[in-house]
Amino acid sequence: MKITKTTVTEYEVEPLIMKWHITVGQFISTRKRLGINSEGYEKCFICDKQFKDDFYPSFISVKGLGNMFACNECMKNLIQNSLIEHS
Ligand SMILES: [Zn+2]
-7 MKITKTTVTE YEVEPLIMKW HITVGQFIST RKRLGINSEG YEKCFICDKQ FKDDFYPSFI
53 SVKGLGNMFA CNECMKNLIQ NSLIEHS
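In my numbering, the protein residues as written are -7 to 79.
This is the structure in structure tokens:
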């Protein structure tokens, strides 16, 4: 008998107001060249949307994980939400 268990993980995310002048493609190829794991950086951490190689990603801080990338849409929502939370 096979059973499937799905775990749901909650992450606390904060937007980091920082724009990078390096594309996702450059970032991943640099890490690959240095032998650093680049898993997870090829897509938005929040919505899993795959980035194009020439996309300039936004940073988010993920509690327990560190800095990850987010797409523009998620970043916009995140900034709006955190403005509401902090006001
Ligand atoms: Zn997203």
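Glycine included, each C-beta is placed from N, C-alpha and C at the ideal position.
A Cβ-Cβ contact shorter than 8 Å links Ser53 with Glu6. Around the Cβ of Cys63, a 10 Å sphere holds 16 or more other Cβ atoms; the residue is buried. Each of Lys41, Lys68, Met67, Tyr33 was checked against the Cα of Ile14, and the nearest Cα belongs to Tyr33. For ligand 1, residues qualifying as neighbours are Cys36, Ile38, Cys39, Lys41, Ala62, Cys63, Glu65, Cys66, where qualification means a beta carbon closer than 7 Å to at least one of its heavy atoms (chain order). For Lys35, the beta-bridge partners assigned by DSSP are Gln42.
Inclusion of Tyr3 and Lys55 in the CB contact set at 8 Å is warranted, their separation being smaller than that value. Put simply, the backbone Cα of Asp40 is about 10 Å away from that of Cys66. Distance from the CA of Lys68 to the CA of Leu26, rounded to the nearest whole angstrom, comes to 32 Å.
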